[in-house]
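Please read the structure below before turning to the comments.
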Amino acid sequence: MMVKKAKARRPKHIPKRTCVGCRQIEEKRTLIRVVRTDTGIVIDETGKLPGRGAYIHDQKKCWQAAIKGKLASALKTELSDNDRKILLEFMENLPEVVSEEEQDG
19 MMVKKAKARR PKHIPKRTCV GCRQIEEKRT LIRVVRTDTG IVIDETGKLP GRGAYIHDQK
79 KCWQAAIKGK LASALKTELS DNDRKILLEF MENLPEVVSE EEQDG
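See below:
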């Protein structure tokens, strides 16, 4: 009589992405995806839209840094005035992150 060995289960792969604003690597689902489409820039709530994408934390400071800096090159496009307007409007609803030091003080 042969006894089957239990196979060790591999941990589930969790995709990681880099925030364009602060360059920190996080789990993909914790970041917001911005996609370049034929009609312009779109905030991809589902994370599944086709097209070139970039990921940003849900914090104003990351969005400000991304819009000023590397977002256009990450999407391999120039940000139009309308694109900037869409991004800035979305950013307005994001939280300002308060560091632990500021909370204690």
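All you need for the numbering used here is the position in the sequence shown, starting with 1, plus 18.
Each residue gets a CB set at the ideal place from its N, CA and C atoms; glycine is no exception.
Just so we're clear, the structure is a prediction, and the values are computed from it rather than from any experiment.
Inter-residue Cα distance where the pair is residue i and residue j
i	j	result
residue 37	residue 100	22 Å
residue 57	residue 26	48 Å
residue 29	residue 45	15 Å
residue 61	residue 31	25 Å
residue 108	residue 77	11 Å
residue 81	residue 103	13 Å
residue 47	residue 53	15 Å
CB-CB length for residue i against residue j, believed under 8 Å
i	j	result
residue 40	residue 92	The pair is not a contact, with the Cβ atoms about 13 Å apart (cut-off 8 Å).
residue 70	residue 49	Between residue 49 and residue 70 the Cβ distance is about 15 Å, and since that is not below 8 Å, they are no contact.
residue 97	residue 72	Contact flag wrong, Cβ pair sits at about 11 Å.
Burial state of residue i, where buried means 16 or more other Cβ atoms lie within 10 Å
i	result
residue 106	exposed
residue 85	buried
residue 51	buried
residue 198	In the structure as shown, the chain begins at 19 and stops at 123. Residue 198 is therefore absent and cannot be evaluated.
residue 43	exposed
Beta-bridge pairing of residue i - partner residues as DSSP gives them
i	result
residue 44	35
residue 59	54
residue 72	52
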